[in-house]
Structure formats: structure tokens, C-alpha cells
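Numbering (UniProt numbering), first residue to last: 1 to 482. In this text, a Cβ means the ideal position worked out from N, Cα and C, and glycines have one as well. Reading through the C-alpha cells given below for one structure.
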Amino acid sequence: MDWFSRWPREALVAVASYFVSGYSIVCSSDTKRQVVETMGLFHDMVSESCESYFQRYRRRAHVTPKSYLSFINGYKNIYTEKVKYINEQAERMNIGLDKLMEASESVAKLSQDLAVKEKELAVASVKADEVLAEVTVSAQASAKVKNEVQEVKDKAQKIVDEIDSEKVIAETKLEAARPALEEAEAALNQFPKDTINEETVELLQPYFNMDDYTFESAKKVCGNVAGLLSWTLAMATFYGVNREVLPLKANLAKQEGRLAVANAELGKAQALLDEKQAELDKVQAKFDAAMNEKMDLLNDADMCRKKMQAASTLIDGLSGEKVRWTQQSKEFRAQINRLVGDILLCTGFLSYLGPFNQIFRNYLLKEQWEIELKARKIPFTENLNLISMLVDPPTIGEWGLQGLPGDDLSIQNGIIVTKATRYPLLIDPQTQGKTWIKSKEKENDLQVWTIWWVGKKSRNQDVFPQFQLILSLNCHLYDSFC
Numbered sequence: 001m002d003w004f005s006r007w008p009r010e011a012l013v014a015v016a017s018y019f020v021s022g023y024s025i026v027c028s029s030d031t032k033r034q035v036v037e038t039m040g041l042f043h044d045m046v047s048e049s050c051e052s053y054f055q056r057y058r059r060r061a062h063v064t065p066k067s068y069l070s071f072i073n074g075y076k077n078i079y080t081e082k083v084k085y086i087n088e089q090a091e092r093m094n095i096g097l098d099k100l101m102e103a104s105e106s107v108a109k110l111s112q113d114l115a116v117k118e119k120e121l122a123v124a125s126v127k128a129d130e131v132l133a134e135v136t137v138s139a140q141a142s143a144k145v146k147n148e149v150q151e152v153k154d155k156a157q158k159i160v161d162e163i164d165s166e167k168v169i170a171e172t173k174l175e176a177a178r179p180a181l182e183e184a185e186a187a188l189n190q191f192p193k194d195t196i197n198e199e200t201v202e203l204l205q206p207y208f209n210m211d212d213y214t215f216e217s218a219k220k221v222c223g224n225v226a227g228l229l230s231w232t233l234a235m236a237t238f239y240g241v242n243r244e245v246l247p248l249k250a251n252l253a254k255q256e257g258r259l260a261v262a263n264a265e266l267g268k269a270q271a272l273l274d275e276k277q278a279e280l281d282k283v284q285a286k287f288d289a290a291m292n293e294k295m296d297l298l299n300d301a302d303m304c305r306k307k308m309q310a311a312s313t314l315i316d317g318l319s320g321e322k323v324r325w326t327q328q329s330k331e332f333r334a335q336i337n338r339l340v341g342d343i344l345l346c347t348g349f350l351s352y353l354g355p356f357n358q359i360f361r362n363y364l365l366k367e368q369w370e371i372e373l374k375a376r377k378i379p380f381t382e383n384l385n386l387i388s389m390l391v392d393p394p395t396i397g398e399w400g401l402q403g404l405p406g407d408d409l410s411i412q413n414g415i416i417v418t419k420a421t422r423y424p425l426l427i428d429p430q431t432q433g434k435t436w437i438k439s440k441e442k443e444n445d446l447q448v449w450t451i452w453w454v455g456k457k458s459r460n461q462d463v464f465p466q467f468q469l470i471l472s473l474n475c476h477l478y479d480s481f482c
């Protein structure tokens, strides 16, 4: 084994300054200088404590320059990781607080908007009521005119029905007399047939009653007069029919005159009705517009009221959370400021305290490192819980299910195994660590080797494949086989 002398304090500080001076830390330049010096001091403290640990517990522990370099690199890595995590948590809190602030401002604005909308709604309601009164008056006037027009329509329709009925009767009777008329017209078309009166027919009646007053007898006596006989008979027949039709025609003409008057009255009434209906439509459109405006304002006010209620409910429900979130946001800012010292303790623990028992770990943390941080005024968290700082409760619970004991020492050892920058060496007489690692890495294709098998391999052979998870057992026998 090659042994190297301890690095002097100045060399340790120079190395730390080389790696940390260009690294961004949330602290003052003086605090950053103290951090660099404290890194070298922590390394020296552990080096001096190794002998004390051996004298007290008869167990050897060593620190090397590699331990110091892993300490510095671990500080930078964990600090970056924690700053990112806390900033993300703070951002979430700030977003929540911003949302609550927006909700509060929204409630105030919605309250003002609602007051304005309620005033507008009151004005719109009055306007709608006024227009409704106009609509009622116009509707009543229109209904009155409509009733009058309907009466005129009914009167005219009655006349039309009477005319149609009488026209049918007259046309039926005229149709019955049409053959006789056509016969008479054919016999003597030029005779003024409409001048035949009752006296003429009565004078002809005795001749009609004579047995020999026939067309055949007239033709035998005098062929030229036979047509006159036929004409007299036809005229008599036509008169009988026309006597009933003439009054019908006269009444029909009278009724048509009445119908013309009724239609004229109907036209005037219809024009008046159209005028009233136009006025009603105009007022109705005005009323519809007023009602639409009222309903729009009513819907807007209702929507505004619902939004305000939802925002108020959210604010009331999260009123307690707002206090907690505000306090937590402040705590995140303070935690960022304390990380400079907290990460020193955490990375010092990961890099140096693995070989020591619980008593000596607490001694170095509480009675040496924290006192030194206070003396140098480096911010850190009082009574810092390294376990909660480096691992979350769900992970601890999962480790327990995988076989890791639940005491603080075992959990701290689990943290060192999973987070240290170098490969861990476990002194595991009860095989608890081996059981836990095998269970934890079961799904990651863990290879379990014993050191005697490794010793049989050639020194030129690639015994440990790159990126392969390997658990080597019985490492205390390594020198015997290699």
C-alpha cells in the first residue's frame, strides 16, 4: 500500500478555491471564502479524528486526497440539486400565492362590475316595462281594429255566399229554359223576346188550349206560319221560366252592389289593420330589443355573480393555506440562504463519516463542524436532520420493504451507499446490507461475485464490465488472491 503524507491546510484551501471559486453559491463573497477554508478544515478535522477513533474503538479509518476531491465535487453536485429543487418548490408556492392574489383582485373587480351591471339591469328593467306598456296599448288597438275588420269580412262573406246561392238557382232555371229559348230564337231571332209580358201570354193561352194548335196542323194549313206557331209556344215556355229568373237577376245585381260597398269597406279596414299591425310590429321589435338587452345584462350579472362566488369560495377555502404558503415561501428563501452551510454538513457526512459509528458521527457533526460553521458565520440549519435533507420518506419506506432496518444508523448507511460519489465498502457481519442491496437492485441485473472468483481472472482481462452493477463479497480476502 502506498502511503501519502497529509496535505497541508494551505494546499487543501488552494484546491478547494480552485474548484469552488468559479462556482455560483447564494452567499456573500466573504462567506464563500469561509466555505473554501472550512472545506480544508473539515478534511483536517477528520484526519485528526481517525487516530482518536482508533484509540477509542480500535477501528481504523483513513482519509485520502481522493476523499477530499469527492467532498468538493459532492458539495457542488448536491448544492446544485438542492437549489434547483427548492427553487421549483418555491416557484410552485409563489404561483399558488399569485393565483390567490389574482383571485382576491378578481373578486374586488367582479364586485365592482356586478354593482355596475345591477344598475344597468335596473335601468333596462324600467325601460322594458315602459316599452311593454306601449306594446300593450298597441296590441289592444290592433285587436280592436282586427275585430272590426273581421266583422266587415264576415258581412262581405255573407253577401258573397248569398250571391253564390242565388246565382246557382238562377243559372239552374236559365239552363232549364235554354232549349225553349234556343228553339224560339231559331224560329224568330229578331223578335224582341224580352218585351213579352204576361198579357201577351194570356192572350195566346186560348190558342194554346186548342187541340189543333200544333206545329203539324199549322204546317198543313200554312207552311210559312208554322214557324210562328213554334215561336209562340217557345216564347210562352221561356216566359214561364224567365218570370222566375228576372227577379233573381235583379236581386243578384243589387247584392253585387252591396258586395262592392262591403269590399271597399273591407279594403279600408284592412289598410287600417295593416297600419296598426305595422305599429305593433315596430313596438314589439322595440320591446324584444329591450328584453334582449335586459336578459343579456341579467345573464352577465349572473355569470359575474357565479365567478365572484367561485373565487370567494376558493379564497375562503385556502385562507389558511395562504398563511402557510406565505410562510413556506419565506422559508424557501431562508433555506436557500442556509444551503451554503447545510450542504457542507451533508457532503462532509457522505464523504467522511461512513467508517465511523453513530456516536462519532454525531460528535464530528455537532461538536466540531457545526461549531466551526457558527464561528465562521456560515449560515446553516440548526439541528439539521441529515436524513430528511438527503432522502425523502417514501424512499425510506421503500428501503424498509427491501430489507433495510429502520434505525437512523442503517438509514444513514443506506444514504451513503446510494449517494456517495465513490463505491461503498460495507462491513456487514449480519448480511443485512447484502440482503438490502440484492433486493434493491434485483431489477437492474445485479451481478453478485465473490472475490476468490475474481482472483482467478487474468490481470489483463476485463473482469468488471463497464456500467455493470456488481456486488463483490468477501473483499477482506482480496490481497490473498490478487
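Residue environment, residue i, which counts as buried when at least 16 other CB atoms sit within 10 Å
i: Leu469; result: exposed
i: Lys442; result: exposed
i: Arg338; result: buried
i: Ser28; result: exposed
i: Val46; result: buried
i: Leu100; result: buried
i: Tyr239; result: buried
i: Glu10; result: exposed
i: residue 501; result: Only positions 1 to 482 of the chain appear in the structure, and residue 501 is not among them; the question remains open.
i: Leu246; result: exposed
i: Val323; result: exposed
i: Arg333; result: exposed
i: Glu370; result: buried
i: Thr431; result: exposed
Distance between residue j and residue i (C-alpha atoms, nearest Å)
i: Gln412; j: Ala375; result: 27 Å
i: Val135; j: Ala269; result: 21 Å
i: Gly96; j: Ala103; result: 10 Å
i: Lys276; j: Ala115; result: 40 Å
i: Lys440; j: Ser49; result: 33 Å
i: Arg59; j: Tyr53; result: 7 Å
i: Glu91; j: Gln328; result: 11 Å
i: Glu162; j: Lys173; result: 17 Å
i: Ala141; j: Arg305; result: 42 Å
i: Gly341; j: Gln358; result: 21 Å
i: Ala128; j: Met291; result: 6 Å
i: Gln105; j: Asp113; result: It should be pointed out that residue 105 corresponds to Glu in this sequence rather than to Gln. If I take the Cα positions, the gap works out to 12 Å.
i: Val126; j: Trp325; result: 48 Å
i: Pro65; j: His43; result: 9 Å
i: Lys254; j: Pro179; result: 28 Å
i: Glu199; j: Ala236; result: 11 Å
i: Phe19; j: Arg33; result: 12 Å
i: Val35; j: Glu367; result: 18 Å
i: Leu298; j: Ala310; result: 18 Å
i: Leu203; j: Asp211; result: 17 Å
i: Glu279; j: Met295; result: 24 Å
i: Gln461; j: Asn444; result: Because Gln461 carries a pLDDT of 49, less than 50, the predicted location of this residue cannot be relied on, and no value is offered for it.
i: Ala264; j: Lys146; result: 16 Å
i: Leu477; j: Tyr363; result: In this predicted model, Leu477 has a pLDDT of only 45, less than 50, meaning its place in the structure is not dependable; the value taken from the coordinates is given anyway. Leu477 and Tyr363: Cα-Cα distance of roughly 32 Å.
i: Val152; j: Ala139; result: 20 Å
i: Tyr57; j: Glu51; result: 10 Å
Whether residue i touches residue j by CB criterion (8 Å)
i: Leu252; j: Lys167; result: yes
i: Val448; j: Leu425; result: no
i: Ala124; j: Glu293; result: yes
i: Leu350; j: Ile427; result: no
i: Glu372; j: Thr38; result: yes
i: Asp408; j: Ile387; result: yes
i: Ile86; j: Ile336; result: yes
i: Leu345; j: Leu390; result: no
i: Lys82; j: Ile396; result: no
i: Ala301; j: Lys119; result: no
i: Thr450; j: Gly403; result: no
i: residue 521; j: Ala14; result: This structure cannot settle anything about residue 521, because the visible part of the chain is limited to 1 through 482.
i: Thr381; j: Ser70; result: no
Among the options, nearest to residue i - alpha-carbon criterion
i: His62; options: Leu353, Lys419, Ala334; result: Leu353
i: Leu266; options: Arg333, Arg243, Lys155; result: Lys155
i: Val149; options: Thr313, Met303, Leu273, Lys282; result: Leu273
i: Leu41; options: Lys144, Phe332, Gln55, Arg6; result: Arg6
i: residue 485; options: Gly22, Ile72, Arg56, Val107; result: As displayed, the chain neither begins before 1 nor continues past 482, which places residue 485 out of reach and without an answer.
i: Pro429; options: Val126, Val391, Leu473, Tyr57; result: Leu473
i: Ile159; options: Ala262, Ala133, Leu246, Lys109; result: Ala262
i: Met93; options: Pro65, Glu331, Gln284, Lys66; result: Glu331
i: Phe356; options: Pro394, Gln55, Asn299; result: Gln55
i: Asp164; options: Lys84, Ala143, Asn197, Lys249; result: Lys249
Rounded distance between the beta-carbons of residue j and residue i, thought under 8 Å
i: Lys286; j: Val137; result: So it is not a contact: roughly 13 Å between Cβ atoms.
i: Leu12; j: Tyr79; result: Not confirmed; about 19 Å, so no contact.
i: residue 520; j: Thr347; result: Residue 520 is absent from the model: the chain starts at 1 and stops at 482.
i: residue 483; j: Gly406; result: Lying before the first or after the last residue shown, residue 483 is absent from the chain, which here runs from 1 to 482.
Proximity test, Cβ basis, 8 Å: residue i and chain B
i: Glu331; result: You won't find chain B in this structure, because it holds only one protein chain.
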